[in-house]
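*Asks:* Taking our numbering, the leading residue of the sequence shown gets 39, the next gets one more, and so forth.
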Amino acid sequence: MIKYNIIIVGAGPAGCYLAYKLKNQGLDVLLLEKKTFPRYKACAGGLSKKAYDILFSENKNIKNIIEKTVKKQLFVRNNKFTLTDPKKELIYMTYRSDLDNFLMKMAVDNKTVYFKDNVIIQKINKKDNTISFLEKNKEKKISYDVLVGAWGGNVRFNKFVDLYPFERFDLSSSWEGPVGPKFSKYFDEYVLSQIMKKYPGFVCYIFPKSELITAGIFTSKYPFPPVWKYLWNDFMDFWKLDKSIKPHYAVIPIRDPKKPVAKDNILLVGDAAGLADPFVGEGIYYAFISSMIAAKNIINFFKKENYDLAGEYNKNIDSKLFDVLKWARSYESFFNRYPNLSFWSGSECSLGNEIVNSFITGEIKYNEVKKIIKHSVRRIFS
Ligand SMILES: Cc1cc2nc3c(=O)[nH]c(=O)nc-3n(C[C@H](O)[C@H](O)[C@H](O)COP(=O)(O)OP(=O)(O)OC[C@H]3O[C@@H](n4cnc5c(N)ncnc54)[C@H](O)[C@@H]3O)c2cc1C
């Protein structure tokens, strides 16, 4: 039976970036993907500056798949329009099919990292460390030393490996199409965030690409209130978008911080571990961070005798992300309780807007309260 040191299931940002980090480390890595690449993925395609910087430091060619770099923001609170210009790069717009294909190519060298797409996984057998799948209708069985779940929101697979670290789910939906007559004057430079009085707890957005826009709606309210159809209708009416194009929906799993994201020789990364920002639904950055941590631990596992892979990975994930995501949860519950005040403070209040922007760029992390206070004091007295 063929054996790989590491099998990664899922070739999204988490799986591909992990494979890239494990390349040329003297290990055999197999990346398995159920869809045929390049594939569509429901996503707004916004790389925050902090996520972009990670990729740019690895491969400058990332700029070739950036459709637009946005510095300015349009906020709409009920019917009030606010334009801001923080004069710094905030979000790099791309299409997920391009991004994930770029990441896959960055990882795969067919010497240490191999890729198979269009495969159907049938069984993961934890007892004998094997995985069975169908490739071109042929059944294959391969063994592994380490298995990594990077299957995103396909949480059915979490049950197969007995690791279900979720507290709840965020829900996001996105629509891609022409800009329409009303947003066209903002299209070149602005990203939109909008709330509507009738739909508390929901944020609508428009992420402009070079020719089209991605419009979307996000909520961290769970269970999901059954208003989506009406909200999409009102949002599309507001911006006069083409209603014949239908939005795609997908969940973003959110971690229960008390539950482990690894056991024995099985690790979870990215959405499969619930490691996304529950406040704004940003997941690509956290996919990169969790994969960086996974790579470091997997390399140690193969180098050091008696290395506690799962224990160390759980510990490292918690020390790097526990606090940040805990604070994100507090911002999220504040937003759900006081949507108007919360949205106002991050947009119309210039100090609040500066702080939110520094979260996007990575200058300040959610949990860096001292930095937030220092910045606020300096700003108030300047
Ligand atoms: C509508 C929407 C908009 C979003 N917008 C943004 C945004 O603008 N910026 C941002 O940072 N985040 C955004 N997110 C969140 C972001 O998409 C995810 O957090 C991110 O994709 C997580 O990466 P991942 O690699 O963990 O999972 P994914 O990107 O979901 O990748 C998982 C991969 O695994 C594959 N797979 C699944 N099951 C199997 C299986 N059984 N066998 C083999 N392969 C399998 C899938 O086909 C997929 O390719 C958005 C999410 C949604 C739903």
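Backbone N, C-alpha and C fix where the C-beta goes; we use that ideal spot for every residue, glycine too.
These numbers come from a predicted model, not from an experiment.
Classify S368: buried if its beta carbon has 16 or more other beta carbons within 10 angstroms, exposed otherwise.
*Replies:* That one is exposed.
*Asks:* Can you name the residues that DSSP bridges to C387?
*Replies:* C387 pairs with nothing; no bridge assigned.
*Asks:* Answer yes or no: the CB of K164 versus the heavy atoms of ligand 1, is any distance below 7 Å?
*Replies:* It does not: the Cβ of K164 is nowhere closer than 7 Å to a heavy atom of ligand 1.
*Asks:* Report the partner residues of G254 according to the DSSP bridge assignment.
*Replies:* The partner list for G254 (beta bridge, DSSP) reads S212 and Y243.
*Asks:* With a threshold of 8 Å, are at least 3 pairs of Cβ atoms found where one atom belongs to the segment 67-77 and the other to the segment 45-57?
*Replies:* Touching, per the Cβ criterion.
*Asks:* With A366 as the anchor, note down where its alpha helix (DSSP H) starts and where it stops.
*Replies:* Residues D361 to R375.
*Asks:* Under a Cβ-count criterion, where at least 16 other Cβ atoms within 10 Å of its own Cβ denotes burial, should I40 be classed as buried or exposed?
*Replies:* Counting Cβ neighbours within 10 Å, I40 comes out exposed, since fewer than 16 surround it.
*Asks:* Which whole-angstrom value is the C-beta distance of I290 and F207, which I expect to be below 8 Å?
*Replies:* Right, their Cβ atoms sit about 6 Å apart.
*Asks:* Could you pull the DSSP bridge partners for K110 from this structure?
*Replies:* Looking at the DSSP assignment, K110 forms a beta bridge with Y228.
*Asks:* Is the Cβ-Cβ distance between K421 and K106 less than 8 Å?
*Replies:* One cannot answer for residue 421 here, as it falls past the ends of the chain, which runs 39 to 420.
*Asks:* With a Cβ-Cβ cutoff of 8 Å, do A80 and N196 count as a contact?
*Replies:* Not in contact: A80 and N196 (Cβ atoms no closer than 8 Å).
*Asks:* For K178, which residues from the same chain have a beta carbon less than 6 Å from its beta carbon, with the 5 sequence-adjacent residues on both sides left out?
*Replies:* Within the same chain, K178 has close Cβ partners F171.
*Asks:* Going by C-alpha to C-alpha distance, which of S95, D66, I169 and L379 sits closest to D147?
*Replies:* Answer by Cα proximity: D66.
*Asks:* Going straight from the alpha carbon of L230 to that of K143, what length do you get?
*Replies:* Straight-line Cα distance between these residues: approximately 32 Å.
*Asks:* Which same chain residues end up closer than 8 Å to I283 when comparing Cβ atoms and leaving out the 5 residues on each side of it in sequence?
*Replies:* The answer, listed in chain order, is W213, E214 and G215.
*Asks:* Can you tell which of L359, F240, D123 and K176 has the C-alpha that lies nearest to the C-alpha of Q160?
*Replies:* Of the candidates L359, F240, D123 and K176, the one whose C-alpha sits nearest the C-alpha of Q160 is K176.
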